[in-house]
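Here the structure comes first, spelled out in structure tokens, and everything after it is commentary.
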Amino acid sequence: MLLNLVHLLPDPSGALICPKERLVAIADPCRDGDKPKTIGDVIKQVATVLRQRRPARVVWMGHALPTLVGATGTHKDDLIRLIDTTEWWWISDRTVPADLPGQAGTELKVGGLTLRVGPTSGRLPGEVNAGLSPQASYDGATYPCYVLDGRRLILPAFGPRPDGGCDVMSPPIQSLFRRPFQVLMLAGGRILTRPRPRLDGAKPATSGGGGRRLSLFGETEP
């Protein structure tokens, strides 16, 4: 993937990898009121990704996990051990508990990217957002997905969530993209790339012909 000319890699877990910056970004999958087992499972999944990717910096985007851990103490020691392995950033619109290690802010600018949970009112090139948990439908099945148009990227919630998310054809997501977007769907360990016109529910194109199309990811069949 290219975002504002920065090379990025999608991970089957839903994490975002920036090789140049040795950075892993994760959209918080937790919800207020999640059970301790859910929190523990998320931390284990994060640990697996970090072992595989060995980042120098982790950017956690969202407030639910740190808030739950800070309020209840659930799996706090496990989380702190994970944080201590790398440079850790909490990016959230809310205050992160002070007793958790790491640096905190509402956004992080690094290497041509701006990572923040909610989108800015303008259209800042290289913006990475979390919180909407996008999902797309293709050939009758629905998958969590990355959404990208070369200027903005929305991350899927990390790991599996049984309660779905926000459809990419809905106004909250459509309104964030002025240009045609692509989706990268997380389908059982595979990553499927599709342009918007090929998704279920997309309106038929009103102009243009057949043949192969040039996309952000190379050529795709119509």
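If you're matching positions, the sequence shown starts at 34 in this note's numbering and goes up one per residue. Here a beta-carbon is modelled for each residue, glycine too, at the ideal position from N, C-alpha and C.
Asked	Found
Under 8 Å Cβ to Cβ from residue 127, same chain only, skipping five residues before and after it: list those, please.	96, 100
With H, G and I counted as helix, E and B as strand and the rest as coil, what does DSSP make of residue 98?	helix
Please confirm if the segment 168-185 is in contact with the segment 212-219, defined as three or more CB-CB distances below 8 Å between the two stretches.	yes
Check whether the segment 81-91 and the segment 49-59 are in contact - that is, three or more C-beta pairs closer than 8 Å.	yes
Would residue 234 be called buried (16 or more neighbouring beta carbons within 10 Å of its own) or exposed?	exposed
Under three-state DSSP, which class holds residue 223?	strand
For a minimum of 3 consecutive residues, which ranges assigned as the beta strand (DSSP E) are wholly contained in the segment 57-131?	90-94, 120-124
What is the rounded straight-line gap between the Cα of residue 218 and the Cα of residue 176?	6 Å
Taking all protein chains shown into account, decide if residue 153 is buried (16 or more other Cβ within 10 angstroms of its Cβ) or exposed.	exposed
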